[in-house]
Each structure stands twice: as C-alpha cells, then as structure tokens.
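Student: One structure, as structure tokens, below. Some questions next.
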Amino acid sequence: MSIAPPVSSYSIDSWTTDDVRPPERVEYWMNVVSAATRYRVDPTCSPGTFRGRLLRIGTVAYTLGRASADCAQGHRTAAMASEDPHATRTLLWPIRGELLVSQDGQELRIGPGEAFLASSNSRFEAKLDHADIALLTIPGAELDHRLRPAARRSAPRILGINRGLGRVLAGMLGELFAQRAHLSAAEFDAICDRLVDLLCMLAVGDDRPDTEGGLVEVEAMVRRYVREHATDSSLTGATMARALGWSLRQVQLALQQAGTTPRDLIREERLALVHERLRSPVHIVIGELAQTCGFSSNSVLSAAFRQRYGISPREFRAHYLLGMLQSSIAR
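All residue numbers in the sequence shown are consecutive under numbering that gives the first Met the number 0, ending with 330.
Have a look at this one:
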C-alpha cells in the first residue's frame with residue numbers, strides 16, 4: 000500500500016482502493032491523491048462504501064492523470080499554490096459524468112465535450128460524483144511563454160473539445176494514455192510540449208475560421224515552417240515570409256493574433272529543440288548544440304535557455320541525468 004512518490008524521470012503509477020480494507024480507503028485515497036496531484040482530495044461519502052482509482056504518468060515537467068471516484072471533493076488553496084515551484088496550471092476534462100469546479104468566485108459545471116483550465120495562483124475546488132476525469136498538469140511558464148499577458152487574461156477557462164482543434168487535442172491526449180508504456184521521458188515531454196502549443200491555439204480561439212484574410216491558416220503554416228527550419232541560423236520573419244509567399248506584415252498579424260511574434264516564435268522553437276536534445280542519451284557539447292539549433296553562439300543559447308527555463312543548459316542536463324539515475328536505482 001505505497002503512497003505516491005515524487006515523479007523523477009518518467010514513471011507510470013496506478014492506485015486503487017479495491018486493494019485496501021474499506022475502513023482505510025478514505026485515508027489511503029487522501030494520501031495518494033495529495034502526493035500525486037498537489038491537490039487535497041476529500042471523499043464526501045461513507046468511508047466504507049468509497050471507491051477510487053488513479054493512474055498517473057509523468058516526468059519532472061508534465062503529469063498526465065486519470066482519476067475516478069464515487070464521490071470526492073478536491074481543492075488547492077492559495078497557500079498550496081504558492082508552494083508550487085512551477086506555478087502549475089491544470090487542464091481537467093470529464094471522460095464520464097460531470098465535474099463541478101469553483102475558482103475566483105465562479106462556479107461552473109463541466110460536462111462531456113468540455114475542459115477546464117485552472118489558474119495556478121488562487122484557490123480552486125472541484126467536485127465529482129461517480130465521474131471519471133483526466134487532468135494534465137503544465138508548468139505555468141510553458142503557457143506564459145506561449146501566450147502574451149493580454150491573451151492569458153482573455154483566454155476562456157472552459158474549452159470545447161468535441162470538435163475541430165479541441166477534438167484533435169482530446170484525441171492526442173487519449174493516445175498519450177494508450178501509448179504510455181511505449182514512450183521514453185524525452186518522447187513524453189516532446190508530445191506534451193506540442194499539446195501545450197495546441198492548447199494555447201485553442202485558448203485564443205484559433206479553431207474558428209477567420210473571415211479576414213485567413214490569418215489562422217497563415218499562422219498554422221508559419222508555425223510548421225519555423226518547426227522545420229528552426230536550425231537555420233539565418234531564419235527571420237522576413238525570410239520565412241518570402242519563402243511562404245506572404246508579406247512580413249501578414250506573418251506578423253497572424254502571429255500577433257496568437258499572442259506572439261516571429262522573433263519570439265523562432266526563439267521558442269529553437270529552445271524547445273535544445274530542451275529535447277538535452278534529454279537525449281547521446282552527449283552533445285553545448286557549443287555544438289547551439290550551432291546545430293540555430294543559435295549564433297554558446298553564450299546566446301545559455302542566456303536564452305536560462306531566461307526560459309531558469310537554469311543553464313549544462314545544469315538542466317545534469318539534473319535530468321541525475322533524475323534518470325535515481326529512477327533506475329528506484330526500479
């Protein structure tokens with residue numbers, strides 16, 4: 000009857016009250032979920048009849064979970080949020096049943112085909128009754144670096160996931176659950192990075208057709224082009240606009256609508272590439288990594304990486320390798 004340990008490298012864990020004596024189920028469940036999700040969860044029905052299950056997949060960056068319970072109420076206080084070093088944001092969506100959420104004085108009912116994006120810096124409550132929910136925890140910086148302040152403030156908390164981009168996002172999350180045993184830590188994080196991209200696009204409404212010049216289509220092609228050419232050190236907003244056959248102003252407007260700029264998008268994609276390669280078992284010299292990922296020098300890469308992730312590339316790789324070693328020892 001082990002309690003959930005902190006996620007180190009890449010772990011897949013599951014817990015169920017079916018293996019626990021009925022009188023001990025409530026206490027067991029409270030301890031498990033609190034340790035695994037950074038939320039306090041209190042069953043609201045009789046201890047002897049309570050049943051709950053939790054599956055958690057995660058790395059040091061992202062955690063994907065699926066929980067079902069007969070009746071439970073979870074909350075995260077402002078004090079608990081302040082102790083979270085990553086200012087974690089949580090995306091929750093009901094797979095079965097309904098989820099009642101409350102935050103900042105709003106009480107909302109989330110049903111099938113909808114998801115809720117909980118903020119990280121205020122009290123949050125969620126209630127489920129014979130429901131099955133999924134949740135993705137995301138470091139706040141991963142959203143903040145993709146969405147400008149105005150876009151973060153205006154982004155809706157309830158997101159539609161039953162059609163268009165939302166349905167694609169939900170489908171990818173479902174496949175991530177299904178393929179969990181066949182992924183490495185680097186692959187899991189890379190997929191989650193792309194899921195956050197889609198989540199940000201969905202949050203600013205980019206799944207709706209644009210009636211003034213097709214800016215949504217322009218943005219999608221720009222993002223694809225930047226992803227494919229991020230390692231080109233000469234890549235700029237002007238060069239990508241010429242290559243795609245649009246004006247620089249069109250590209251700027253399309254990205255402005257999504258809350259970013261050509262320069263920021265290029266830097267973000269290059270940093271994501273460095274972040275992914277630093278998790279590779281193949282050792283690459285930092286200077287060589289800077290050159291192959293489009294940065295003009297080692298110092299430029301180190302400064303940008305530290306600003307983005309809070310540590311240098313060398314420090315990140317050392318921490319990541321230590322987590323891998325600890326995970327191997329634990330097994």
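Glycine included, C-beta positions come from ideal geometry on N, C-alpha and C. Since the model is a prediction, treat every value here as computed from it, not as a measurement.
Thinking just about the alpha-carbon of each residue, which of Gly286, Ile132, Ser8, Gly51 is nearest to the one in Pro21?
Tutor: Along the sequence shown, read from residue 1 onward, the residue named residue 21 stands at position 22. Pro21 has its Cα closest to that of Gly51, out of Gly286, Ile132, Ser8, Gly51.
Student: Just list the residues that DSSP pairs Phe115 with in beta bridges.
Tutor: Translated into the one-based positions of the sequence shown, residue 115 becomes position 116. DSSP, once it has assigned bridges, lists Leu91, Ile157 as partnering Phe115.
Student: Tell me whether Ser295 is buried or exposed, calling it buried when 16 or more other Cβ atoms sit within 10 Å of its Cβ.
Tutor: Working through the sequence shown from its first residue, we reach residue 295 at position 296. Result: exposed.
Student: List the whole-angstrom C-beta distance separating Arg156 from Leu116, where the pair is believed to meet the contact cut-off of C-beta under 8 Å.
Tutor: The residue labelled residue 156 in the question sits at position 157 within the sequence shown. The residue labelled residue 116 in the question sits at position 117 within the sequence shown. Confirmed, about 5 Å.
Student: One question on the structure: do His274 and Asp196 come within less than 9 Å of each other, judged by their Cβ atoms?
Tutor: On the sequence shown, position 275 is the one that residue 274 refers to. On the sequence shown, position 197 is the one that residue 196 refers to. Result no, Cβ atoms of His274 and Asp196 do not sit closer than 9 Å.
Student: Can you grab the Cα-Cα spacing for the pair Asn161 / Glu113, in whole Å?
Tutor: For the purposes of this step, residue 161 is identified with residue 162 of the sequence shown, where counting begins at 1. For the purposes of this step, residue 113 is identified with residue 114 of the sequence shown, where counting begins at 1. Cα to Cα, Asn161 sits roughly 7 Å from Glu113.
Student: Straight-line CA distance for His282 to Ala317?
Tutor: On the sequence shown, residue 282 is found 283 positions in, with the first residue counted as 1. On the sequence shown, residue 317 is found 318 positions in, with the first residue counted as 1. Rounded to the nearest angstrom, the two C-alpha atoms are 11 Å apart.
Student: Could you spell out the range, first to last residue, of the alpha helix (DSSP H) harbouring Asp231?
Tutor: Locating residue 231 in the sequence shown gives position 232, where the first residue counts as 1. Taken as a continuous stretch (DSSP letters only), Asp231 belongs to no alpha helix (DSSP H), as it is neither H nor E.
Student: Taking 8 Å as the threshold, find out whether the segment 297 to 315 comes into contact with the segment 223 to 235 through three or more Cβ pairs.
Tutor: no
Student: Which runs of the alpha helix (DSSP H) at least 4 residues long sit entirely within the segment 217 to 298? Give them in chain order.
Tutor: 236 to 243, 247 to 256, 261 to 276, 285 to 291
Student: Within 10 angstroms of the Cβ of Pro312, are there 16 or more other Cβ atoms? Answer buried if so, exposed if not.
Tutor: Along the sequence shown, one-based indexing puts residue 312 at 313. Buried, by the Cβ-count rule.
Student: According to DSSP, what are the bridge partners of Thr48?
Tutor: Within the sequence shown, the letter at position 49 stands for residue 48. In DSSP, Thr48 forms no bridge with anything.
Student: Take Ser153 and list the residues in its own chain whose beta-carbon comes closer than 7 Å to its own, dropping the five residues that flank it on each side.
Tutor: As a working note, residue 153 is residue 154 in the sequence shown. Confidence is the limiting factor: at Ser153 the pLDDT is only 49, short of 50, which leaves the residue's position unreliable and the question unanswerable from this model.
Student: What three-state label does DSSP hand Thr16 in the structure shown?
Tutor: Along the sequence shown, read from residue 1 onward, the residue named residue 16 stands at position 17. The answer is helix: DSSP assigns Thr16 an H, G or I state.
Student: How about Leu172 and Leu135: do their beta carbons lie closer than 9 Å?
Tutor: Position 173 of the sequence shown, counted from the first residue, corresponds to residue 172. Position 136 of the sequence shown, counted from the first residue, corresponds to residue 135. Result yes, Cβ atoms of Leu172 and Leu135 sit closer than 9 Å.
Student: Taking Cβ positions, are Ser13 and Tyr319 nearer each other than 9 Å?
Tutor: Here residue 13 corresponds to residue number 14 of the sequence shown, with the count starting at 1. Here residue 319 corresponds to residue number 320 of the sequence shown, with the count starting at 1. Contact flag unset, no.
Student: Could you give the first and the last residue of the continuous alpha helix (DSSP H) run that contains Arg193?
Tutor: Start at 1 with the first residue of the sequence shown, and residue 193 comes out as number 194. Per DSSP, Arg193 belongs to the alpha helix (DSSP H) from 184 to 202.
Student: Roughly how many angstroms separate the alpha carbons of Leu107 and Ser101, rounded to a whole number?
Tutor: Reading the sequence shown from its first residue, position 108 is the one you call residue 107. Reading the sequence shown from its first residue, position 102 is the one you call residue 101. Distance between the alpha carbons of Leu107 and Ser101 is about 6 Å.
Student: Along the chain, where does the alpha helix (DSSP H) containing Gly170 start, and where does it finish?
Tutor: Taking the first residue of the sequence shown as position 1, residue 170 is located at position 171. Looking at the DSSP string, the run of the alpha helix (DSSP H) that includes Gly170 is 163 to 177.
Student: What's the gap between the Cα of Ser67 and the Cα of Ala242?
Tutor: Taking the first residue of the sequence shown as 1, we reach residue 67 at position 68. Taking the first residue of the sequence shown as 1, we reach residue 242 at position 243. Going by the C-alpha atoms only, they are around 49 Å apart.
Student: What are the boundary residues of the alpha helix (DSSP H) that includes Gly139?
Tutor: Sequence index remark: in the sequence shown, residue 139 carries index 140 (1-based). Its alpha helix (DSSP H) spans residues 139 to 143.
Student: Can the beta-carbon of Ile11 be found less than 9 Å from the beta-carbon of Leu54?
Tutor: Counting from one through the sequence shown, the residue named residue 11 turns up at place 12. Counting from one through the sequence shown, the residue named residue 54 turns up at place 55. Contact: yes.
Student: Restricting to Cα atoms, I'd like to know which of Ile132, Leu175, Met200, Val59 is closest to Tyr308.
Tutor: Residue mapping note: residue 308 aligns to position 309 of the sequence shown, counting from 1. Comparing Cα positions, the closest option is Val59.
Student: Ala229 and Ile265 - do their beta-carbons sit closer together than 9 Å?
Tutor: On the sequence shown, residue 265 is found 266 positions in, with the first residue counted as 1. On the sequence shown, residue 229 is found 230 positions in, with the first residue counted as 1. In this structure, Ala229 lies closer than 9 Å to Ile265 by Cβ.
Student: Rounded to the nearest angstrom, what separates Thr259 and Glu218 at their Cα positions?
Tutor: In the sequence shown, counting from the first residue as 1, residue 259 sits at position 260. In the sequence shown, counting from the first residue as 1, residue 218 sits at position 219. For Thr259 and Glu218, the distance between alpha carbons rounds to 10 Å.
Student: In or out: Val6 buried (at least 16 other Cβ within 10 Å) or exposed?
Tutor: Position 7 of the sequence shown, counted from the first residue, corresponds to residue 6. Here Val6 scores only 43 on pLDDT, less than 50, and its place in the model should not be relied on; the value that follows carries that caveat. By the Cβ-count criterion, Val6 is buried, with 16 or more other Cβ atoms from all chains shown falling within 10 Å of its own Cβ.
Student: So what's Ala180 in DSSP terms, helix, strand or just coil?
Tutor: What you label residue 180 is simply residue 181 of the sequence shown in a count that begins at 1. Here Ala180 sits in helix by DSSP.
Student: Sort Gln290, Gly244, Ala180, Gln306 by Cα distance to Asp263 and report the nearest one.
Tutor: Position 264 of the sequence shown holds residue 263. Nearest of Gln290, Gly244, Ala180, Gln306 to Asp263, Cα basis: Gln306.
Student: Could you check the C-alpha separation between Asp17 and Ala184 for me, to the nearest Å?
Tutor: Taking the first residue of the sequence shown as position 1, residue 17 is located at position 18. Taking the first residue of the sequence shown as position 1, residue 184 is located at position 185. So the alpha carbons of these two residues sit roughly 29 Å apart.
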